[in-house]
Amino acid sequence: MTHVVFDIGNVLVRWEPKIAFRHAFESDAQIDVFFDEIGFFDWNLAQDGGRGRAEGVALIAKRWPHYRDLIEGYFDRFGDVVANRIEGSWTILHELRDRGTRVFGLTNWAKDTWPIGVERHADLKDVFEDVVVSGFANMLKPDREIFDLLCTRNQLTPQDCLFIDDSKTNVDGAISAGWQGHHFTSPHMLRADLSERGLL
3 MTHVVFDIGN VLVRWEPKIA FRHAFESDAQ IDVFFDEIGF FDWNLAQDGG RGRAEGVALI
63 AKRWPHYRDL IEGYFDRFGD VVANRIEGSW TILHELRDRG TRVFGLTNWA KDTWPIGVER
123 HADLKDVFED VVVSGFANML KPDREIFDLL CTRNQLTPQD CLFIDDSKTN VDGAISAGWQ
183 GHHFTSPHML RADLSERGLL
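This is the structure:
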């Protein structure tokens, strides 16, 4: 039997970090410059790996003190950053559950913002049999250890797990850990792949 493991950000819930900064910049292009200046995506990945809010803000403020309030605001506005669902993916997830497929979550997500995501999308609390959140595990995709952790916690055999992620790097990490993988680009393409595998 194949067990299906969903990434969450940009598979089930859109992660749109620019939303948190549009009040402070005149255009998304200016936000891109800001992101490049502070290395936002590397900074965010470290948050996903278990670094706390206070430390993350302090690191930015030490080098760019004029950006302290902007970075604090990212956390304060995070509910808006993850407000939008990818409904087609949710439909597929529920169809899998209805067919008796075991469904899990595995996400790179910061420990300080995960509760905000669950508050915004309450079904994240109970839609999965189990969910591994990187910020609490102090591990990150695509490292093998986070895939092994989900298997160990749930007594799963790696080759029986199909991982769905919008990052090809993370999918490749799952495959290296012995899993099956699907690089998510759209609910339509996911449905086609799952149908070919006999899961839908």
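Using the numbering used here, the first residue of the sequence shown is number 3, and each one after it goes up by one. The C-beta atom is built at its ideal place from N, Cα and C for all residues, glycine as well. This structure is a prediction, so every number in the text was calculated from the model and none was measured.
Would residue i count as contacting chain C if we go by Cβ distances under 8 Å?
i, result
"L196", "No chain C appears in this structure, which consists of one protein chain only."
Please work out which residues of its chain come closer than 7 Å, Cβ to Cβ, to residue i, disregarding the five sequence neighbours upstream and downstream, and give them in chain order.
i, result
"R155", "D132"
"D168", "D9, N12, V13, F186"
"W92", "L14"
"I177", "G183"
"M3", "D162"
"R122", "G81, V84, A85"
Taking the beta strand (DSSP E) that residue i belongs to, which residues open and close that run?
i, result
"V134", "133-135"
"Q182", "182-185"
"V7", "5-8"
"D167", "163-167"
"V105", "105-109"
Could you spell out the range, first to last residue, of the alpha helix (DSSP H) harbouring residue i?
i, result
"I88", "Segment: none, I88 is in no alpha helix (DSSP H) and carries neither H nor E."
"T171", "170-178"
"G81", "80-83"
"R141", "One detail in the question is off: residue 141 reads as Met in this sequence, not Arg. Unbroken run through M141: none, as it is neither H nor E."
"A60", "55-65"
Skipping 5 residues on each side, what residues in its chain have a beta carbon closer than 6 Å to that of residue i?
i, result
"V7", "F106, L108, C163, F165"
"N172", "K143, P144"
"C153", "P160"
Taking only the alpha-carbon atoms, compute the straight-line gap between residue i and residue j and give it to the nearest angstrom.
i, j, result
"G119", "E198", "32 Å"
"W17", "Q32", "19 Å"
"D50", "W116", "10 Å"
"L61", "N46", "12 Å"
"D71", "D78", "10 Å"
"R87", "Q157", "30 Å"
"S29", "W181", "41 Å"
"F138", "A26", "31 Å"
"F80", "A179", "32 Å"
"E147", "M141", "7 Å"
"Y69", "E39", "11 Å"
"D150", "D174", "14 Å"
"P19", "K64", "22 Å"
"R24", "V129", "32 Å"
"S188", "G41", "28 Å"
"K170", "N110", "14 Å"
"E89", "E57", "35 Å"
Assuming residue i and residue j form a contact by the criterion Cβ under 8 Å, report the distance between their Cβ atoms to the nearest whole angstrom.
i, j, result
"V59", "I73", "5 Å"
"F43", "F36", "Incorrect: roughly 12 Å between the Cβ atoms, too far for contact."
"A22", "Y76", "5 Å"
"H190", "T103", "Contact flag wrong, Cβ pair sits at about 19 Å."
Counting only the same chain and skipping the five closest in sequence on each side, list residues whose C-beta sits under 8 Å from that of residue i.
i, result
"L202", "I94, E97, L98, R101, R193, L196"
"K113", "G52, G54, V135, G137, F138"
"K127", "V120"
"W66", "E39, I40"
"A48", "G58"
Would the C-beta of residue i count as close to the ligand COA, meaning under 7 Å from any of its heavy atoms?
i, result
"Y69", "The ligand COA is not among the ligands present in this structure, which contains no ligands whatsoever."
Discussion item. Give the list of continuous alpha helix (DSSP H) stretches no shorter than 4 residues that lie fully inside the segment 17-52.
Written reply: You should have 30-40, 42-50.
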